[in-house]
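The structure appears right after this line, and notes come after that.
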């Protein structure tokens, strides 16, 4: 696991049925591109988050593939329609095999 | 001929555009900076007395940025500098050095112990008989009270701890003292501000006093206020301390720069900070 990785999510705890809510996510990560060199001239190995997904009650909301040009601390803001009370699950996949997760409960009513 | 004409046409435009927001479409002089929908920050106010001969109104650099960049500072979740401020709070609470102390051991909770400090730094330290920046004070504490290694003046850790401390003063008006024991240092800073340097022969004032609001190629020149420091720059994706920025500016005039932490930059920081007396401390601001 890379150092200092911390997922964060900002989501409303309540929504009206069928409402599109704004979700903000950010994960602190160096996103080392694999293109840069050390002072001694050797390549710094690539280490990035390569995929991010969001599910609502098991149904996919967004599925993002990431490549080395994505900047440090990747931030995603998107909308999701909330049909019923349930759980938003956020998952980030690291190059090194680590998986980081966060979840938010949204209540309808 | 055509080429010359277009250059002359541009010159006429530039004069017509005038100073202070005239030439730039992206800035709204009356935009309001409200963070998280609740903390209202002063980004435009009357110039302090010592500056009255030069400018009437002082503006935060936030006003000169594009609306998208401005919006990023209005939500702490979106402002990447907040990650460093959080890391700085962890450093503040972490025990380090031979004395087994953290910053919190002496100063208590950061929200109480560090409140209001950013607004008055750089300031006179009576015991040491010198003007001190916040970075100098941090390192003095680390060495003499904690028995810890000092941080490098410009470094990730120093940027983080200064960010954390500055955040505790967010919203308070900058109010650095310019008289009494600091008067000589302040005068030195003022002298440096108006001294032209480098192959391009530019002083701080050439851009930030005489031409703020105008474009310098693709950049919208601000007044060069430092009320928002430390600042997270999208340009280099990290926290930038005041002396880091000074160094960048002096380098851009194509001069040999002073070193971060040097007496010249300390004096300049005091003077430039005093030009922003009255603007809000923005804690960790965000710029391009």
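Residue numbers (my numbering), protein chains in the order written: chain A, 44 to 152; chain B, 665 to 952. Each residue gets a CB set at the ideal place from its N, CA and C atoms; glycine is no exception.
Alpha-carbon spacing of residue i relative to residue j, whole angstroms
i: residue 742 (chain B); j: residue 888 (chain B); result: 24 Å
i: residue 119 (chain A); j: residue 101 (chain A); result: 20 Å
i: residue 777 (chain B); j: residue 696 (chain B); result: 29 Å
i: residue 83 (chain A); j: residue 852 (chain B); result: 41 Å
i: residue 688 (chain B); j: residue 734 (chain B); result: With a pLDDT of only 44 at residue 688 (chain B), under the threshold of 50, the placement of this residue in the model should not be trusted, and no figure is reported.
i: residue 150 (chain A); j: residue 129 (chain A); result: 7 Å
i: residue 895 (chain B); j: residue 905 (chain B); result: 7 Å
i: residue 49 (chain A); j: residue 68 (chain A); result: 11 Å
i: residue 718 (chain B); j: residue 927 (chain B); result: 25 Å
i: residue 797 (chain B); j: residue 791 (chain B); result: 15 Å
i: residue 823 (chain B); j: residue 748 (chain B); result: 8 Å
i: residue 147 (chain A); j: residue 53 (chain A); result: 9 Å
Which of helix, strand or coil DSSP assigns to residue i
i: residue 10 (chain A); result: Nothing about residue 10 (chain A) can be read from this structure; chain A reaches only from 44 to 152.
i: residue 811 (chain B); result: coil
i: residue 736 (chain B); result: helix
i: residue 799 (chain B); result: helix
i: residue 903 (chain B); result: strand
i: residue 888 (chain B); result: coil
i: residue 86 (chain A); result: strand
i: residue 821 (chain B); result: helix
i: residue 148 (chain A); result: strand
i: residue 129 (chain A); result: strand
i: residue 713 (chain B); result: helix
i: residue 762 (chain B); result: coil
i: residue 914 (chain B); result: helix
Residue j beta carbon less than 8 Å from that of residue i
i: residue 907 (chain B); j: residue 892 (chain B); result: no
i: residue 624 (chain B); j: residue 837 (chain B); result: Any answer about residue 624 (chain B) is impossible in this case: the structure gives chain B only from 665 up to 952.
i: residue 72 (chain A); j: residue 115 (chain A); result: yes
i: residue 957 (chain B); j: residue 833 (chain B); result: Any question about residue 957 (chain B) goes unanswered here, given that chain B covers just 665 to 952.
i: residue 952 (chain B); j: residue 729 (chain B); result: yes
i: residue 857 (chain B); j: residue 936 (chain B); result: yes
Outcome for residue i when other beta-carbon atoms lying within 10 angstroms are tallied against a minimum of 16
i: residue 803 (chain B); result: buried
i: residue 56 (chain A); result: exposed
i: residue 820 (chain B); result: exposed
i: residue 816 (chain B); result: exposed
i: residue 762 (chain B); result: exposed
i: residue 1023 (chain B); result: One cannot answer for residue 1023 (chain B) here, as it falls past the ends of chain B, which runs 665 to 952.
i: residue 922 (chain B); result: buried
i: residue 943 (chain B); result: buried
i: residue 938 (chain B); result: buried
Chain C residues whose Cβ lies nearer than 9 Å to that of residue i
i: residue 69 (chain A); result: In the displayed structure, chain C is absent; the protein chains listed are A and B.
Under 9 Å, CB to CB, which of the residues in the stretch 107-136 of chain A have a partner in chain B? 114, 115, 116, 118 and 120
Please list the residues of the stretch 806-835 of chain B that have a C-beta atom closer than 8 Å to any C-beta atom in chain A, keeping them in chain order. none
With 8 Å as the limit, tell me which residues of the stretch 893-924 of chain B have their beta carbon closer than that to any beta carbon of chain A; keep them in chain order. 901
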